[in-house]
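Trainee:
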Amino acid sequence: MVIAILLVCFLLNIAGHENILIGILNTLLLFLSIAFYLKFSNQKLSSTKLLLLIGAIPIFSHNYNVLTVLLAIGICVLLLLYFSISRFKNIFIFIVLFYILVASLYANRLVELPFSLQSSQLIFSDNWINLYISQMQREALYVPYKIRLLLFNGSVYSYVLLSKMASLYTFKNLYDVLLIANLYPLVKGLMLDFKDWNRSKTLLIFFVLLISFTTVISRRVDIFNTFVLLSPFLMYFTLKGFKSINKIVYLILFVLSIIIVTTPFE
Amino acid sequence: MFNKFLITLIFVAIVVRFVGLDYTPPHLSNDEIGAAYAAYSISKTLKDGSDKFLPILWTSHGGQGSPLAVYIPLVSIVFLGNNDFAVRLPSAILGSLTIIFIGLLVLELTKNTRLALISSFLLAFSPWHLSASRRALETNYALFFIVLGLYLFFIGMSRNKNWATLASMVVFALSIYSYYAEWVLTPLIIFSLIVFYRKTILKRKIYFVAILLLGILLLPLFFNFIQHLKSSRASSEFITQDVGVGRRLSKHPNPIQKGQIVLKAIADKYSTYNSLDYLFFFGASILPKENPYQFGFFLTPFLIPFILGLVKVRIFFNKHSNFIYFLLIASPLAASLTLGEINNWRSLPQLLPVAIITAVGLLYLWKFIKEYIWMKVLGLGLLLISLFYFCLAYFIHFPIEQAEGYQYGYKQVAEYINKHYPEFEKIIIDPRFGNKEYYYIGVPSSYIPFYTNLDPTKVQQAKHIPFGIAFDKYEFREINWDGEKVEENYLYVVPRDNAPDPSKELKVVYEIPLPSHKIEFKLYSLIN
């Protein structure tokens, strides 16, 4: 089944952009994401033939950015290593965290190759936000000036960051990268894990939040790149939920997904 | 003790809905004045501003308004006169009743008093519900009728009360008469009730009678809609009329592709309405879009309880949980079918399922963190900070920053005219306002007669003049000073930048400042 899924993915890549290298890398990323699921969940894949359609997920076929795919592959490899080793786990976790942090910075162009920090791209230099902070300070004549500075200041960036993080996980962003059909097993997987929570799953969510946070500190968030980095985690929940889906509902949603995906642009 | 504390907080939030209705929001908005003037006109002459006798769908600013948008404030305007408080009072009352009835609805479904109180509390402290209850918003009336209708429906079902079942359909019909979004949403809700509770419904004849009653009640609206099909909101507001969507549709003549484009546009919009940042960070749109001190439908700290509640609904709602999920899915549907940017009026019904689900999460979380005092302190601290900033933003900064968007100044112009009406032979009002680089067009022809209590028959007999209309002493048209023949005893009301040439010898007799102290309108005349 895994080989068939990978084949579907590779063929879609070739049909989509005829670039064999990208096709191989995307397929490798899908393979490692599945491997991560198998390792982390200690469960087998769902036996349904519908699983073949996982190979059609846009995140593994629509991406042309070699660097981002390589970075995502790196995340998969490190996660697989982390969950395989039994010694020095505490040290290794920091390596994983550091790698994820750096990968997110590169994926969102906060760092350009080889190592050039683009500080002007940080959200903290957003003119509109700074302008409104000053405006709120000016308007707040109901309190003395010093208190105005305490009330309205750069701390609002934490609120902006949270807002931007929340905006990452819209249906649109998710179905653009996963297809509407796969949101169904994704939600199922999340709910299954919610009911059967443990420490390592907290770690998983922490990784997801870290990537999200690093993404939103950039002024020009690249949503597709971010979700490529998140692909092992998204695949974990999707594959986990796949076992408990209603196949007819999934098929209907898949048809709907095809209709949406093939919508003509301008 | 905890329940009493919640009840006190809910009571405070209800009282806040009635305080300073004439200051926050700073002025009656375009839509509020449209409905208010029609209500005033009908109350005096039984005809709206366009001379239609007791209209079902009334005409305002070129569009058509829903019936109850006029007939609800009409009552308070008759009793309290033409003022902001009278126009907004019904919305504050119905908003407060919604808070009570959402609690009763949850209590009826779960028999859990605390969950019911938390649901009411969440709605009471929802930035968007508070804001909507302080404006004459027909969507707020509709939300009240939906919540009341559901409550009566479940009373009827669980206690075998036929009167409640019949009353629920009457109330559902009122929700459809209140706002256009409910033309889609209410039938969907009724259909879902039939599907989810078919085992009970199909056994009792009263439900067939109730549906028939609903059909009969909706007939006048249906026929009126058919008569005005071309000018109806259903055809003018549908997503295919959107500029971006329309452009794409025109490029792809294939009907299958057209269908795909429309479906994708609806899906994308639906996604925005359901996004967490819309619901918990910016959906209330109290301040300008770029201002970071924004608020969502609910205060931000309730985001985590909402996510938790999504998973835990079944624990508290048991057999009703599918219906709650359905409400969550269906409530932004009508809004997603319409054109333009996302519109929090149209998606106001989202408050109902999101409040209930968040209440579930909050109650669950509260029990979970029972032993962790630091978590409680942290949660309450974040909530208080969030509430504090909301109060600052809504009651202080919102009137300052958004006054111009509410066409602030026309009420003040009317107040000046009320005092000096006999002194002028003619009053010419330029409907433009804002900066001269980009003027907005206001509707002083509704504001002025409303606030000056002008006889509505004079407005009904309004004459069309070049680039405007005229009635009584008033002319509403753009004032171009070069071609303007200035007369004595004429009053000219113009936007701040439209100053007359000094050779005209006009003097400023009055200035209308915005709450930010910037001048909005200048009133000129040859007399002192």
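Here the protein sequences line up with chains A and B, keeping their order.
Take 1 as the starting number for the first sequence in the numbering used here and just add one per residue.
Take 1001 as the starting number for the second sequence in the numbering used here and just add one per residue.
Here a beta-carbon is modelled for each residue, glycine too, at the ideal position from N, C-alpha and C.
Here the structure is a predicted model, which means the values were calculated and not measured.
Check the Cβ of tryptophan 128 (chain A) against every Cβ in chain B and list those closer than 9 Å, keeping chain order.
Mentor: Residue mapping note: residue 128 (chain A) aligns to position 128 of the first sequence, counting from 1. Residues of chain B passing the Cβ test: Glu1290, Asn1291, Pro1292.
Trainee: Distance, Cα to Cα, glutamate 1484 (chain B) vs isoleucine 1417 (chain B)?
Mentor: As a working mapping, residue 1484 (chain B) is identified with position 484 in the second sequence. As a working mapping, residue 1417 (chain B) is identified with position 417 in the second sequence. About 21 Å.
Trainee: Does the distance from the CB of arginine 964 (chain B) to the CB of alanine 1335 (chain B) come in under 8 Å?
Mentor: This structure cannot speak to residue 964 (chain B), because chain B is shown only from 1001 to 1528.
Trainee: In this structure, how does DSSP classify leucine 122 (chain A) when only helix, strand and coil are distinguished?
Mentor: Mapped onto the first sequence, residue 122 (chain A) falls at position 122. Of the three classes helix, strand and coil, the one that applies to leucine 122 (chain A) here is strand, per DSSP.
Trainee: Residues of chain B with CB under 7 Å from serine 163 (chain A), in chain order?
Mentor: Start at 1 with the first residue of the first sequence, and residue 163 (chain A) comes out as number 163. Neighbours of serine 163 (chain A) across chain B, judged by C-beta separation under 7 Å: Asp1277, Phe1281, Phe1282.
Trainee: Applying the criterion that 16 or more other CB atoms from any shown protein chain within 10 Å of the CB defines a buried residue, is valine 1245 (chain B) buried or exposed?
Mentor: For the purposes of this step, residue 1245 (chain B) is identified with residue 245 of the second sequence, where counting begins at 1. Under this definition valine 1245 (chain B) is a buried residue.
Trainee: Measure from the alpha carbon of glutamate 1108 (chain B) to the alpha carbon of each residue in B:Thr1272, B:Arg1159, B:His1252, then state which is nearest.
Mentor: In the second sequence, counting from the first residue as 1, residue 1108 (chain B) sits at position 108. Selected option, being the one with the closest Cα: B:Arg1159.
Trainee: Hey, does serine 257 (chain A) have any beta-carbon neighbour from chain B nearer than 8 Å?
Mentor: To locate residue 257 (chain A), count along the first sequence from 1; it is residue 257. No, because no Cβ of chain B sits closer than 8 Å to the Cβ of serine 257 (chain A).
Trainee: Using the beta-carbon of each residue, which ones in chain A are nearer than 9 Å to threonine 1272 (chain B)?
Mentor: Counting from 1 along the second sequence, the entry for residue 1272 (chain B) is found at position 272. Correct list: Thr170, Phe171, Lys172.
Trainee: For phenylalanine 1395 (chain B), tell me which candidate among B:His1464, B:Tyr1180, B:Leu1021 has the shortest Cα-Cα distance.
Mentor: For the purposes of this step, residue 1395 (chain B) is taken as the residue at position 395 of the second sequence. Phenylalanine 1395 (chain B) has its Cα closest to that of B:Leu1021, out of B:His1464, B:Tyr1180, B:Leu1021.
Trainee: Here's the rule: buried if 16 or more other CB atoms are within 10 angstroms of the residue's CB, otherwise exposed. What is aspartate 1501 (chain B)?
Mentor: Here residue 1501 (chain B) refers to the residue found at position 501 when the second sequence is read from its first residue. By the 10 Å Cβ count, aspartate 1501 (chain B) comes out exposed.
Trainee: For a test of the three-state rule: what should DSSP assign to tryptophan 1058 (chain B), helix, strand or coil?
Mentor: Position 58 of the second sequence, counting from 1, holds the residue named residue 1058 (chain B). Here tryptophan 1058 (chain B) sits in strand by DSSP.
Trainee: Report the rounded CA-to-CA distance for phenylalanine 1154 (chain B) versus phenylalanine 1323 (chain B), giving the unit in angstroms.
Mentor: Translated into positions along the second sequence, residue 1154 (chain B) becomes position 154. Translated into positions along the second sequence, residue 1323 (chain B) becomes position 323. Cα-Cα distance, rounded: 12 Å.
Trainee: For isoleucine 1429 (chain B), which three-state DSSP category applies?
Mentor: Counting from 1 along the second sequence, the entry for residue 1429 (chain B) is found at position 429. Strand at isoleucine 1429 (chain B).
Trainee: Are at least three pairs of beta-carbons, each pair with one atom in the region 1454 to 1464 of chain B and one in the region 1035 to 1046 of chain B, less than 8 Å apart?
Mentor: yes
Trainee: Buried or exposed for lysine 89 (chain A), please, with buried defined as at least 16 other CB atoms from any protein chain shown within 10 angstroms of its CB.
Mentor: If you number the first sequence from 1, residue 89 (chain A) lands on position 89. Lysine 89 (chain A) is exposed by the Cβ-count criterion.
Trainee: Is the region 110 to 123 of chain A close to the region 1255 to 1269 of chain B, with three or more CB pairs under 8 Å?
Mentor: Counting C-beta pairs closer than 8 Å gives fewer than three between the region 110 to 123 of chain A and the region 1255 to 1269 of chain B, which falls short of the contact rule.
Trainee: Among the residues of its own chain, which have a CB less than 8 Å from the CB of serine 1516 (chain B), if the five just before and after it don't count?
Mentor: On the second sequence, residue 1516 (chain B) is found 516 positions in, with the first residue counted as 1. Correct list, in chain order: Ile1400, Glu1401, Ala1403.
Trainee: I want to know whether the region 77 to 97 of chain A touches the region 236 to 251 of chain A - three or more CB-CB distances under 8 Å.
Mentor: no
Trainee: Let me see if you follow: with CB-CB separation under 8 Å, is serine 167 (chain A) close to chain B or not?
Mentor: Translated into the one-based positions of the first sequence, residue 167 (chain A) becomes position 167. So, interface residue.
Trainee: Determine the burial state of tryptophan 128 (chain A): buried for a count of at least 16 other Cβ atoms within 10 Å of its Cβ, exposed for fewer.
Mentor: Along the first sequence, one-based indexing puts residue 128 (chain A) at 128. With fewer than 16 other Cβ atoms within 10 Å, it is exposed.
Trainee: Under 7 Å Cβ-Cβ, which residues of chain B neighbour phenylalanine 207 (chain A)?
Mentor: Against the first sequence, residue 207 (chain A) aligns to sequence position 207. Near phenylalanine 207 (chain A) there are no residues of chain B at all, since even the closest Cβ is about 18 Å away, more than 7 Å.
Trainee: Can you give the Cα-Cα distance for leucine 1213 (chain B) and tyrosine 1325 (chain B), rounded to whole angstroms?
Mentor: Counting from one through the second sequence, the residue named residue 1213 (chain B) turns up at place 213. Counting from one through the second sequence, the residue named residue 1325 (chain B) turns up at place 325. For leucine 1213 (chain B) and tyrosine 1325 (chain B), the distance between alpha carbons rounds to 28 Å.
Trainee: So which residues of chain A does valine 1311 (chain B) contact, with C-beta pairs closer than 9 Å?
Mentor: As a working note, residue 1311 (chain B) is residue 311 in the second sequence. By Cβ distance, chain A contributes Leu190, Met191, Phe194, Lys195.
Trainee: Between the alpha carbons of isoleucine 1102 (chain B) and arginine 1135 (chain B), how many angstroms are there, rounded?
Mentor: Mapped onto the second sequence, residue 1102 (chain B) falls at position 102. Mapped onto the second sequence, residue 1135 (chain B) falls at position 135. Approximately 20 Å between the Cα atoms of the pair.
Trainee: Please classify cysteine 9 (chain A) as buried or exposed, where buried requires at least 16 neighbouring CB atoms within 10 angstroms.
Mentor: One-based indexing of the first sequence puts residue 9 (chain A) at position 9. That one is buried.
Trainee: Measuring CA to CA, which of B:Ala1035, B:Thr1008, B:Gly1095, B:Ala1092 is closest to tyrosine 1071 (chain B)?
Mentor: Residue numbering aside, residue 1071 (chain B) sits at position 71 when the second sequence is read from its first letter. Measuring from the Cα of tyrosine 1071 (chain B), the nearest candidate turns out to be B:Ala1035.
Trainee: For leucine 1276 (chain B), which residues in the same chain have their Cβ closer than 7 Å to its Cβ, ignoring the five residues on either side in sequence?
Mentor: The residue labelled residue 1276 (chain B) in the question sits at position 276 within the second sequence. Answer for leucine 1276 (chain B): Leu1303, listed in chain order.
Trainee: Return helix, strand or coil for leucine 1491 (chain B), following the three-state DSSP convention.
Mentor: By one-based count along the second sequence, residue 1491 (chain B) stands at place 491. Looking at leucine 1491 (chain B) - three-state DSSP - the assignment turns out to be strand.
Trainee: Identify, in the order they occur along the chain, each residue of the same chain with its Cβ nearer than 6 Å to the Cβ of isoleucine 1010 (chain B), setting aside the five sequence neighbours on each side.
Mentor: Start at 1 with the first residue of the second sequence, and residue 1010 (chain B) comes out as number 10. Excluding residues within five positions, the ones whose Cβ falls inside 6 Å are Ser1120, Phe1121, Ala1124.
Trainee: Please confirm whether isoleucine 211 (chain A) has its beta-carbon closer than 8 Å to some beta-carbon of chain B.
Mentor: Within the first sequence, the letter at position 211 stands for residue 211 (chain A). With respect to chain B, the C-beta atom of isoleucine 211 (chain A) has no partner C-beta closer than 8 Å.
Trainee: Alpha carbons only, please: which of B:Phe1281, B:Asn1480, B:Asn1343, B:Lys1473 is nearest the one belonging to leucine 1491 (chain B)?
Mentor: Position 491 of the second sequence, counting from 1, holds the residue named residue 1491 (chain B). Of the candidates B:Phe1281, B:Asn1480, B:Asn1343, B:Lys1473, the one whose C-alpha sits nearest the C-alpha of leucine 1491 (chain B) is B:Lys1473.
Trainee: Nearest by alpha-carbon distance to proline 1067 (chain B): which of B:Leu1054, B:Val1494, B:Ile1077 is it?
Mentor: For the purposes of this step, residue 1067 (chain B) is identified with residue 67 of the second sequence, where counting begins at 1. For proline 1067 (chain B), the nearest C-alpha among the options comes from B:Leu1054.
Trainee: Short of 7 Å Cβ to Cβ, which residues in the region 1384 to 1416 of chain B face chain A?
Mentor: Ile1396, His1397, Ile1400
Trainee: Let me confirm a value: proline 1026 (chain B) is counted as buried when at least 16 other C-beta atoms fall within 10 Å, else exposed. Which label applies?
Mentor: Residue 1026 (chain B) sits at position 26 when you count from the first residue of the second sequence. Burial call: buried.
Trainee: Is the Cβ-Cβ distance between isoleucine 1206 (chain B) and methionine 1169 (chain B) less than 8 Å?
Mentor: To locate residue 1206 (chain B), count along the second sequence from 1; it is residue 206. To locate residue 1169 (chain B), count along the second sequence from 1; it is residue 169. No; because the gap between Cβ atoms is not below 8 Å, this pair is not in contact.
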